[in-house]
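To start, the structure under review is shown below, and the notes come after it.
Numbering (the numbering used here), first residue to last: 4 to 282.
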């Protein structure tokens, strides 16, 4: 596997970003997604086992200023994780299907089954037709879901290191790998990496930083990634060593980022909190 940067260890943290606000009262918040058109943060609540088909999961809405808008904006999901919006709809990865929610009416329009899926995790929108790419951490796959809900395997195999968080930048997909050979108890045979994935090319590592990576976001030219293994968030700036940005979390999950506010959103899944930091 080709490495884009040869970095042997994380650099020590500089002055940590300041806490802007913090909310509690969630139930296993997995994803915090800032939607720029509505200027709203959507938060997925697993509320139980991450693979439980129990209908107990929900989505909350929060303002970028830290006000809880709706504790249970939409209910009746199972264990929702990654979120993305397109054309007035919010898409939620929910174990083995993608839930389609009409934003204005706050109602579930469809549940798209993904055959063979084991643990759908994060979502990106590929084009204006709302074509989706969805990671499946346990199956070691990334699925493509077309506008007409046709599901195909976009990429799979041990080399993509059980992809968790996804980020689309300039038409290129980047993935936060949890690690090779992930078992149902989330233990990996080998720690994961941050990868650039292009069709027809082998994965390229962004850095030698290793861990059980979850959320992946970009702030300007800098990458932000959360690591469950160390309970930390790292920043990868161009031509610099990875920097330990924040630490001390229990289950830092799928990060969000509000560019207008320069606000990093950290869902603390093991603590039932959402913290926002000014970068």
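Backbone N, C-alpha and C fix where the C-beta goes; we use that ideal spot for every residue, glycine too. Keep in mind that this is a model prediction, so the values were computed, not measured.
For residue 126, same chain residues with a beta-carbon under 6 Å away, outside a window of 5 residues either side, are 85, 87, 94, 96, 135, 137 in chain order. Per DSSP, residue 159 is one residue of the beta strand (DSSP E) stretching across 154-159. A contact is defined here as three or more CB-CB pairs under 8 Å, and the segment 201-213 fails this definition with respect to the segment 113-127.
Annotation: the segment 175-229 contains the following complete segments of the beta strand (DSSP E) (minimum length 3 residues), in chain order: 175-180, 197-200, 216-222. When secondary structure is reduced to three states using DSSP, residue 163 falls in the helix class.
DSSP lists 80 as the bridge partner or partners of residue 60. The residue from 40, 263, 267, 261 with its alpha-carbon nearest to that of residue 248 is 267.
Counting only the Cα atoms, residue 106 lies some 9 Å from residue 90.
The residue from 259, 99, 130 with its alpha-carbon nearest to that of residue 228 is 259. Under the three-state reduction of DSSP output, residue 95 falls in the strand class. For residue 183 against residue 164, the beta-carbon gap comes to about 5 Å, under 8 Å, which counts as contact.
The C-alpha of residue 277 is placed about 5 Å away from the C-alpha of residue 26.
Distance between residue 204 and residue 32, taken at the CA atoms: about 34 Å. Counted as a single uninterrupted DSSP element, the beta strand (DSSP E) harbouring residue 24 occupies residues 21-27.
Residue range 86-89 is occupied by the beta strand (DSSP E) that includes residue 88. Three or more beta-carbon pairs drawn from the segment 53-61 and the segment 73-82 are found closer than 8 Å, and the two stretches are therefore classed as touching.
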